[in-house]
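Chemist: With my numbering applied, the sequence shown covers 5 to 591.
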Amino acid sequence: MALRGLAGSGPGSRGPLGQAGAADEEREAPAVVAAGDAPEDVEEDEGRSRGLLRWDGFSAWLHCVCVVGFDLELGQAVEVIYPQHSKLTDKEKTNICYLSFPDSNSGCLGDTQFCFRFRQSSGRRVSLHCLLDQFEKDLPVYLKKDPAYFYGYVYFRQVRDKTLKRGYFQKSLVLISKLPYIHFFHTVLKQIAPEYFEKNEPYLEAACNDVDRWPAPMPGKTLHLPIMGVVMKGDTHISVILPTVHEVDLFRCFCPVFLHSQMLWELVLLGEPLVVMAPSPSESSETVLALVNCISPLKYFSDFRPYFTIHDSEFKEYTTRTQAPPSVILGVTNPFFAKTLQHWPHIIRIGDLKPAGEIPKQVKVKKLKNLKTLDSKPGVYTSYKPYLNRDEEIMKQLQKGVQQKRPSEAQSVILRRYFLELTQSFIIPLERYVASLMPLQKSISPWKSPPQLRQFLPEEFMKTLEKTGPQLTSRIKGDWIGLYRHFLKSPNFDGWFKTRRKEMTQKLEALHLEALCEEDLLHWTQKHTEVETVDLVLKLKNKLLQADREHLPVKPDTMEKLRTHIDAIILALPEDLQGILLKTGMT
5 MALRGLAGSG PGSRGPLGQA GAADEEREAP AVVAAGDAPE DVEEDEGRSR GLLRWDGFSA
65 WLHCVCVVGF DLELGQAVEV IYPQHSKLTD KEKTNICYLS FPDSNSGCLG DTQFCFRFRQ
125 SSGRRVSLHC LLDQFEKDLP VYLKKDPAYF YGYVYFRQVR DKTLKRGYFQ KSLVLISKLP
185 YIHFFHTVLK QIAPEYFEKN EPYLEAACND VDRWPAPMPG KTLHLPIMGV VMKGDTHISV
245 ILPTVHEVDL FRCFCPVFLH SQMLWELVLL GEPLVVMAPS PSESSETVLA LVNCISPLKY
305 FSDFRPYFTI HDSEFKEYTT RTQAPPSVIL GVTNPFFAKT LQHWPHIIRI GDLKPAGEIP
365 KQVKVKKLKN LKTLDSKPGV YTSYKPYLNR DEEIMKQLQK GVQQKRPSEA QSVILRRYFL
425 ELTQSFIIPL ERYVASLMPL QKSISPWKSP PQLRQFLPEE FMKTLEKTGP QLTSRIKGDW
485 IGLYRHFLKS PNFDGWFKTR RKEMTQKLEA LHLEALCEED LLHWTQKHTE VETVDLVLKL
545 KNKLLQADRE HLPVKPDTME KLRTHIDAII LALPEDLQGI LLKTGMT
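#1: Tell me which residues share the same chain as Leu132 and place their Cβ nearer than 8 Å to its Cβ, disregarding the 5 neighbours each side in the sequence.
#2: State the DSSP-derived secondary structure class of Phe305, mapped to helix, strand or coil.
#3: Give every residue of the same chain whose Cβ lies closer than 8 Å to the Cβ of Phe105, excluding the five residues on either side of it in the sequence, and list them in chain order.
#4: Go ahead and pull the three-state DSSP assignment for Phe74.
#5: DSSP three-state label for Leu334, please.
#6: Of the residues Pro382, Lys502, Gly486 and Leu193, which one's Cα is nearest the Cα of Asn393?
#7: If we ignore side chains and look at the alpha-carbon of each, how far apart do Thr537 and Ile573 end up?
#8: Can you name, in chain order, every residue of its own chain whose Cβ lies under 7 Å from the Cβ of His190, other than the five neighbours on each side?
#9: Note down the Cα distance separating Leu426 from Lys149, rounded to an integer number of angstroms.
#10: Would you call Asn496 buried or exposed, if buried means 16 or more other Cβ atoms sit within 10 Å of its Cβ?
#11: Which residues bound the beta strand (DSSP E) around Ser416?
#12: Does Thr116 come out as helix, strand or coil in the three-state DSSP assignment?
#13: Assuming Leu402 and Phe262 form a contact by the criterion Cβ under 8 Å, report the distance between their Cβ atoms to the nearest whole angstrom.
#14: In this structure, does DSSP put Met236 in helix, strand or coil?
#15: In the DSSP assignment, the beta strand (DSSP E) including Ser176 goes from what residue to what residue?
#16: Pull up the DSSP beta-bridge partners for Ile398, would you.
#17: Going by DSSP in three states, Pro462 sits in which element: helix, strand or coil?
#18: For Gln162, name the three-state secondary structure that DSSP assigns.
#19: Per DSSP, Val261 is paired with what?
#20: Alpha carbon to alpha carbon, how far is Phe460 from Lys381?
#21: When you compare only the Cα positions, how much space is there between Leu424 and Ala551?
#22: Assuming Tyr391 and Asp483 make a contact with CB atoms under 8 Å, what is their CB distance in whole Å?
#23: For the alpha helix (DSSP H) holding Thr167, just list the boundary residues, first then last.
#24: Does DSSP classify His350 as helix, strand or coil?
#25: How many angstroms separate the CA atom of Leu378 from the CA atom of Thr344?
#26: Quick test of the definition: if touching needs 3 or more C-beta pairs under 8 Å, does the stretch 282-290 touch the stretch 303-321?
#27: Helix, strand or coil: which one does DSSP assign to Leu577?
#28: Looking only at C-alpha atoms, which of Ser478, His315, Leu575 and Ser284 sits nearest to Gly335?
#29: Span of the beta strand (DSSP E) holding Glu554?
#30: Out of curiosity, what's the CA-to-CA distance linking Val272 and Leu585?
#31: Nearest-angstrom Cα distance between Asn297 and Leu278?
#32: Please check the pair Val145 and Lys303, which I expect to be a contact at CB under 8 Å, by giving their CB distance rounded to whole angstroms.
#33: Below 7 Å CB to CB, which residues in the same chain sit around Glu205 once its five sequence neighbours on both sides are set aside?
#34: Output needed for Ala257: all residues of its chain with C-beta closer than 6 Å, excluding positions within five of it in sequence on either side, in chain order.
#35: Identify the continuous beta strand (DSSP E) that holds Tyr146 and give its terminal residues.
#36: Please name the residue in Ala514, Pro87 and Ile352 whose C-alpha comes closest to that of Val280.
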């Protein structure tokens, strides 16, 4: 989704909240971020011009907005949930409370931004927003929502305040969403949180009303998204351009460990248990998200927690010593974890991430036994031996950039391209082999069920690597075969193959539908009994329902042809049967 950011809206861009405005009239316009004051008069949004129910627009982007404060008696508590009808279970509220504040040892004075991710409570009905579903299938995997998890995007403020008993003002504004748009939501918070802390609830309500007027996220479209400011045409307004919605500053996160970036890529690819120990939630969440992002466009299918605390509902599950550590990436800041997770096989200990332009000392790979406390020196603590030889050429290129003080953005581009080429070189042979499991189109008969995919046979795949392996596209040497064997046992392969198998099965269903449409179905019915004809009509209607429900990759004219076939067959039947069949299902 090509988002050029967020735009401001207010009295200058539209009338009171109930009238159509810039967001509605210019959905195709470039999106910008403009900071401004809250609208003075916020009204109930009656008579909406888009034909959507109240809060439909909001729920396409956010589940809710929470304000978490510190109460001397209760500790951390959710003070505000907006919109007020938003549903959160007690378990979810508890997770939000603890994950929205940095650990006390982090010492985060001033304003801090970070991200967390937590599991939805079991029993909660998975709500899939219809507008999102429509476009979800077209999104790249790294932009798809995960129906089982929420993301929390936090803007935390801690400043001295002598008027308060604790002597500090401590509060977090938190956006809860299913969408992994890290860069986008952090930018939204940067715009609205500082003013919220000054103006409180009326400002928050006005900002939520603005979000409710946004068009739904659409892949490949530049969106115009007003929030709390004046929208103007041209380049005269204050604006922040967002070329992407999800990416973090990759090089800044990998900078202390970039000499080991290829080894970390392998660990993430293989779904190995990995802990990032960092001084603050900002560093831990950015680093975990950078790790997950490094195997893009392959989706990371295991769990990952950008910021994880001892109060997390999965704490016992993930720290138990009675079984092997799970396939998960955890970002932690509490010194307690140095002891609790010392049995984990791979631990990255990082210091403070330096601002762009400042280069921290490169850390070394160290043995796990040397990791005693969180005060241990930064390093990658593991006994893992990489399958592939290090790409010295890319390391020299990045080191040269460090010496020449190349901007972090430029270094990130180099590193992102390197990871992308590495992942593509690895995945192309798998894609090629899986494509060969697809039956030939000539084997698809309209009068038989669609043929099945051939079985994935690991040894058969391994044999293809000799001639069409990663050596065709990558200069990197090493034990690629060993890496593939390990990958085929990983959650990432399992998730990837299930996704590809589903896509190919749907493609077969779509081709079967097209084959049916090319037949003279009316002529077929003339040679068969009424019972067989009625059975055919019901099966065809089910096919249409399935195509619609599963978003099968069917051409629009195929669906129309099939409806025409169904109508023609029904009209050729006796009137009593026509009445029954026209009421059954859809045509």
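Glycine included, each C-beta is placed from N, C-alpha and C at the ideal position.
Modeler: Walking through what the data contain:
#1: Low confidence applies to Leu132: its pLDDT is 44, below 50, so where it sits in the model is not reliable enough to give any reading.
#2: DSSP places Phe305 outside both helix and strand once states are collapsed to three, so it counts as coil.
#3: Only Val72, Phe74, Gln80, Phe160, Gln174 and Ser176 meet the Cβ criterion.
#4: Strand, per DSSP.
#5: Three-state DSSP puts Leu334 in a strand.
#6: Out of Pro382, Lys502, Gly486 and Leu193, Gly486 has the C-alpha closest to the C-alpha of Asn393.
#7: Approximately 8 Å between the Cα atoms of the pair.
#8: Hits under 7 Å: Gln117 and Tyr157.
#9: Those two C-alpha atoms are separated by around 25 Å.
#10: Flag for Asn496 reads buried.
#11: Element bounds for Ser416: not the beta strand (DSSP E) but the alpha helix (DSSP H), Ser412 to Ala439.
#12: Residue state for Thr116 is assigned as strand, using DSSP reduced to three classes.
#13: Between Leu402 and Phe262 a beta carbon distance of about 6 Å is seen, short of the 8 Å cut, so the two are scored as contacting.
#14: Model confidence at Met236 stands at a pLDDT of 21, short of 50, so the residue's coordinates are unreliable and nothing is read from them.
#15: It spans Tyr172 to Ser181 - the beta strand (DSSP E) in which Ser176 sits, taken as one unbroken run.
#16: Paired residue(s): none; Ile398 is not in a bridge.
#17: Pro462 falls in the helix class under three-state DSSP.
#18: Reduced to three states, the DSSP call for Gln162 is strand.
#19: Looking at the DSSP assignment, Val261 forms no beta bridge with any residue, so it has no partner.
#20: Between Phe460 and Lys381, the C-alpha separation is close to 45 Å.
#21: Straight-line Cα distance between these residues: approximately 33 Å.
#22: Going by Cβ atoms, the distance from Tyr391 to Asp483 rounds to 4 Å, so yes, they are a contact pair.
#23: Counting along the chain, Thr167 sits inside no alpha helix (DSSP H), nor does DSSP assign it H or E at all.
#24: His350 falls in the strand class under three-state DSSP.
#25: Interpretation of Leu378 is limited by its pLDDT of 45, a score under 50 that renders its predicted location unreliable; the figure taken from the coordinates is listed afterwards. Leu378 and Thr344 have their C-alpha atoms spaced approximately 11 Å apart.
#26: Contact between the stretch 282-290 and the stretch 303-321 is present, because at least three Cβ pairs lie under 8 Å.
#27: Of the three classes helix, strand and coil, the one that applies to Leu577 here is coil, per DSSP.
#28: The option with the nearest alpha carbon to Gly335 is Ser284.
#29: Unbroken run through Glu554: none, as it is neither H nor E.
#30: So the alpha carbons of these two residues sit roughly 54 Å apart.
#31: Near 14 Å, if we compare the C-alpha coordinates of Leu278 and Asn297.
#32: Indeed, because the Cβ distance is near 4 Å, the residues count as touching under 8 Å.
#33: Around Glu205: Val84.
#34: It is worth fixing the name first, because residue 257 is Cys in this sequence and not Ala. Cβ neighbours of Cys257 beyond the five flanking positions: Glu290, Thr291 and Ala294.
#35: Tyr146 -> no beta strand (DSSP E), and no H or E assigned at all.
#36: Per the Cα distances, Ile352.
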